[in-house]
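Colleague: Could you have a look at this structure, given as structure tokens, before my questions?
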Amino acid sequence: MPGRLKVLFRLLTSVLNAVVDPLRKNPDSDSLRLSSAEIHTTTNDGDVGWGRRPPARLRCPRCGADCEQHHPLDDIDCPRCVAEFSHEEFPELELLFLSCPVCGTRMEHGRRHPEAFDVPEWATCHGCRYHWEFKHSY
Numbered sequence: 001m002p003g004r005l006k007v008l009f010r011l012l013t014s015v016l017n018a019v020v021d022p023l024r025k026n027p028d029s030d031s032l033r034l035s036s037a038e039i040h041t042t043t044n045d046g047d048v049g050w051g052r053r054p055p056a057r058l059r060c061p062r063c064g065a066d067c068e069q070h071h072p073l074d075d076i077d078c079p080r081c082v083a084e085f086s087h088e089e090f091p092e093l094e095l096l097f098l099s100c101p102v103c104g105t106r107m108e109h110g111r112r113h114p115e116a117f118d119v120p121e122w123a124t125c126h127g128c129r130y131h132w133e134f135k136h137s138y
């Protein structure tokens with residue numbers, strides 16, 4: 001009888017390990033993980049809040065050149081002409097795209113409440129699955 005119990009115990013242990021192993025955290029793995037709870041998507045990485053907004057490419061309204069704003073609170077300077085814009089003028093400038101801070105590719109972005117906000121409320125990188133959300137209260 002003890003031999004049968006041992007075999008049964010080993011069998012149950014191996015089945016349990018087979019079920020639990022994929023759920024254990026592997027520090028060497030770069031596989032999928034859940035990002036911030038506010039994002040509500042399964043992504044590899046993500047951020048929430050205007051202060052963590054990805055870098056933006058904007059069009060200069062004076063000369064039409066592309067301007068970079070690396071951080072949301074940085075002032076915007078046109079590299080071609082002498083135009084300078086405060087970070088508070090961001091909504092008045094034409095947003096060309098947001099750049100993924102992880103892999104540098106162009107992100108898809110949009111607004112969920114265009115009547116309430118004149119800035120992007122979310123952005124997703126389809127290359128590396130990074131996602132950003134503008135956090136606000138309704």
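Each residue of the sequence shown is one higher than the one before, starting from 1 at the first, in the numbering used here. Quick reminder that beta carbons are idealized off the backbone N, C-alpha and C, glycines included.
So is Leu-58 buried or exposed if we call it buried at 16+ other beta carbons inside 10 Å?
Modeller: buried
Colleague: DSSP state of Asp-66, grouped into three classes?
Modeller: If DSSP states are grouped into helix, strand and coil, Asp-66 belongs with the strands.
Colleague: Mind checking His-131: buried by the 16 CB within 10 Å criterion, or exposed?
Modeller: buried
Colleague: With Phe-90 and Asp-75 assumed to form a contact (beta carbons below 8 Å), what rounded beta-carbon distance in angstroms separates them?
Modeller: 10 Å between Cβ atoms; not a contact.
Colleague: In the DSSP assignment, the beta strand (DSSP E) including Asp-45 goes from what residue to what residue?
Modeller: 45–48
Colleague: Which first and last residues belong to the beta strand (DSSP E) in which Leu-95 is found?
Modeller: 94–99
Colleague: Nearest-angstrom Cα distance between Gly-49 and Gly-64?
Modeller: 29 Å
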